[in-house]
Amino acid sequence: MAMKKAAAVAAVRGTRDLWPKELAAQQHVVNIMQATCSRYGYAPIQTPMLESTDLYTRSLGTTSDIVSKEMYTFRDHSNNSLTLRPECTAGVIRSMLSNGLQYAGPHKVLYSGSMFRYERPQRGRYREFQQFGVEYIGSNGPHVDIDVLAMANDVVRTLGLDLTLQIHSLGCLESRKVYRDTLTAFLAPLKRELSADSQHRFERGSVLRILDSKDARDRELLQEAPRLLDSLTNSARTRFDVVLNGLAALGIESTLDHGLVRGLDYYSHTVFEFIDSKSGLACLAGGCYDHLVESLGGPATSCIGWAAGVERLTALSTLRPPQPTQIAMVPVGNVTVPAMQLAASLRSAGHTVHWVDYPQLKKQMKVADQFGCTFAVLVGEDEVQDGVVTIKHLEKRTQETVAAHLVVAYFDDTGL
1 MAMKKAAAVA AVRGTRDLWP KELAAQQHVV NIMQATCSRY GYAPIQTPML
51 ESTDLYTRSL GTTSDIVSKE MYTFRDHSNN SLTLRPECTA GVIRSMLSNG
101 LQYAGPHKVL YSGSMFRYER PQRGRYREFQ QFGVEYIGSN GPHVDIDVLA
151 MANDVVRTLG LDLTLQIHSL GCLESRKVYR DTLTAFLAPL KRELSADSQH
201 RFERGSVLRI LDSKDARDRE LLQEAPRLLD SLTNSARTRF DVVLNGLAAL
251 GIESTLDHGL VRGLDYYSHT VFEFIDSKSG LACLAGGCYD HLVESLGGPA
301 TSCIGWAAGV ERLTALSTLR PPQPTQIAMV PVGNVTVPAM QLAASLRSAG
351 HTVHWVDYPQ LKKQMKVADQ FGCTFAVLVG EDEVQDGVVT IKHLEKRTQE
401 TVAAHLVVAY FDDTGL
């Protein structure tokens with residue numbers, strides 16, 4: 001009796017596999033971002049993908065969409081509540097405190113890796129997604145904001161992207177308290193006209209997040225809402241003006257967005273997003289956070305950072321990694337040893353060589369083409385006797401005979 005064919009195991013919804021071409025494109029984008037940020041003095045850090053759930057409830061806020069709707073949380077065999085990281089800022093701060101580095105700053109770090117959020121999968125948005133970000137821990141005012149924004153702008157331009165910088169200020173705690181009361185008074189008589197999500201945010205006291213609503217009716221009602229900038233203290237307004245003037249002095253265009261509040265509790269003062277005009281989606285976003293370190297048990301520390309979705313940037317960027325020339329080593333007949341020795345010599349010299357060994361030459365050349373090879377080095381029994389090889393240029397459909405001991409020099413001189 002024939003065995004029943006086993007069913008295939010599908011990837012988890014919202015995750016995806018990256019094969020060489022796609023992965024190389026993503027890594028190229030990450031490499032460009034890392035190289036750009038390193039010129040500003042940022043160094044890589046790595047933190048765990050798995051953290052205590054308490055880290056996020058304390059840092060992001062229990063009423064945030066991430067904590068209330070989107071986190072992958074579970075209990076381990078010791079009944080500890082653990083969460084796959086939905087973002088990396090809180091983990092970086094936790095890492096600094098865990099390693100006793102809170103008084104050794106300032107720290108300028110960058111990171112990249114997988115984040116996890118339970119969202120509806122769609123084009124450019126996945127439940128496991130790649131993020132690149134930076135944190136300046138121990139920043140000391142608006143001039144650091146300008147430098148961090150200039151770095152973000154530099155990253156965007158280096159990737160060849162035409163994104164719009166939208167910017168706003170959330171001010172200090174005092175500014176936000178005054179504005180929260182003002183906005184609540186404005187929205188109270190309009191509560192029933194708000195979307196269901198915004199009504200829920202109003203009821204739980206998250207009125208600032210209503211400004212970020214994408215609902216058309218909410219957007220219309222908010223047109224007449226009081227402006228947060230009008231509630232800023234004098235010092236908070238002066239700080240924001242310094243940032244705007246600094247960006248202008250550097251030739252960095254920005255658009256003031258009165259509805260930009262970001263979705264996490266820890267933000268303050270300058271917040272920003274780089275928006276793709278075609279999709280309206282944020283590709284890189286961040287801002288200042290002055291109280292996160294304290295909320296996690298550390299000393300009062302001002303910080304600023306940003307993060308970017310790697311998949312989204314890769315999809316928008318036309319830059320692709322340079323491809324090394326591929327060489328196929330094609331043994332014809334009983335010449336395995338000399339052909340392998342030649343392949344080893346080429347690899348030692350830095351060349352990419354595929355071993356292509358099949359019974360028929362036609363099949364070998366087909367596989368060489370599938371591997372994307374530009375050249376094929378044919379080593380036959382007669383060639384070994386004569387101390388030569390045949391080098392085929394597969395794109396030009398030409399070939400020439402080269403002395404075996406000169407093959408490495410041949411490809412070196414070709415500039416591969």
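In terms of full-length UniProt numbering, the sequence shown is numbered consecutively and its last residue is 416.
In this text, a Cβ means the ideal position worked out from N, Cα and C, and glycines have one as well.
According to DSSP, residue pairing for F274 in a beta bridge involves L165 and L284. Per DSSP, the unbroken alpha helix (DSSP H) holding G91 starts and ends at T89 to S98. Between S317 and L159, the gap from beta carbon to beta carbon is short of 8 Å.
The Cβ atoms of V92 and Y42 lie no closer than 8 Å to each other. Note that the C-beta distance between Y72 and Y118 is below 8 Å. With at least 16 other beta carbons inside 10 angstroms of its own, A285 counts as buried.
Setting aside the 5 residues that flank it on each side, W355 is surrounded in the same chain by M329 and A343, each with a C-beta closer than 7 Å to its C-beta; the list follows chain order. For P20, there is no enclosing beta strand (DSSP E); the enclosing alpha helix (DSSP H) covers residues P20 to S38.
Counting along the chain, the unbroken beta strand (DSSP E) around V134 starts and ends at E128 to I137. Beyond the five residues adjoining it in sequence on each side, C373 comes within less than 7 Å, by CB distance, of Q326, I327, A328, H354 and L394 in the same chain, given in chain order.
Taking C-alpha positions only, R13 is separated from T47 by approximately 25 Å. V67 has its alpha-carbon roughly 6 Å from the corresponding atom of T57. When DSSP states are grouped into helix, strand and coil, V353 belongs to the strand group. Within 10 angstroms of the beta-carbon of N153 lie 16 or more other beta-carbons, which makes it buried. K21 sits exposed, since fewer than 16 C-beta atoms from the chains shown fall within 10 Å of its C-beta. With contact defined as three or more Cβ pairs closer than 8 Å, the region 185-193 and the region 288-297 are not in contact. Contact between S231 and S175 holds: CB atoms are separated by about 6 Å, below the 8 Å threshold.
Selection A150, R201, H351 and S64 evaluated against T36 yields A150 as nearest (Cα-Cα).
Excluding residues up to 5 positions away in sequence, T63 lie with their Cβ nearer than 6 Å to the Cβ of S206 in the same chain.
In the DSSP assignment, L50 falls within the unbroken beta strand (DSSP E) covering L50 to S52. Counting the other CB atoms within 10 Å of its CB gives V9 a total below 16, which places it among the exposed residues.
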